[in-house]
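Going by my numbering, the first residue of the sequence shown is number 68, and it counts up by one from there.
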Amino acid sequence: MSSVFLGQVVGTKMIKTVKVCVTSLKLHPVILQYWNTKKVYLAHDEHSLCKEGDMVLIKETRKLSKKKRYTILDIVERMPQTQMESSTQVGQKFLQS
């Protein structure tokens with residue numbers, strides 16, 4: 068059975084690969100307290116659509132490289148575009164014309 072996780076993209080500096088941080092809630096068996104655990108997975112992003120801050124679904128697949136064993140199923144929520152990103156896009160459009 069292949070596992071599916073919901074996580075946040077924390078890195079996009081590699082070609083066709085993103086770093087996804089998955090947070091889960093664990094229960095201690097003796098003292099019955101909950102705590103958060105985080106694990107970072109490398110996932111394959113074929114068309115490089117993900118940006119940092121996006122919430123994505125990743126699914127376990129066959130081994131794609133030494134550390135990459137997951138692929139992006141869906142982008143659940145996009146990170147809102149910041150003012151700085153939109154101003155650089157306007158500057159690039161100005162330079163192209």
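Virtual Cβ for every residue (Gly too), placed ideally from N, Cα, C.
Is the separation between the beta-carbon of residue i and that of residue j shorter than 7 Å?
| i | j | result |
| --- | --- | --- |
| V107 | M122 | no |
| K118 | T104 | no |
| K126 | L116 | no |
Take residue i and list the residues in its own chain whose beta-carbon comes closer than 6 Å to its own, dropping the five residues that flank it on each side.
| i | result |
| --- | --- |
| G74 | V87, C88, V89 |
Quick check on residue i: does DSSP put it in helix, strand or coil?
| i | result |
| --- | --- |
| P129 | According to the sequence shown, residue 129 is Arg rather than Pro. In this structure, R129 counts as coil in the three-state DSSP scheme. |
| D121 | coil |
| D141 | strand |
| K105 | strand |
Going straight from the alpha carbon of residue i to that of residue j, what length do you get?
| i | j | result |
| --- | --- | --- |
| T79 | H95 | 34 Å |
| V109 | M146 | With the sequence shown as reference, residue 109 is identified as Leu, and Val is not the correct amino acid for it. So the alpha carbons of these two residues sit roughly 19 Å apart. |
| V85 | Q148 | 18 Å |
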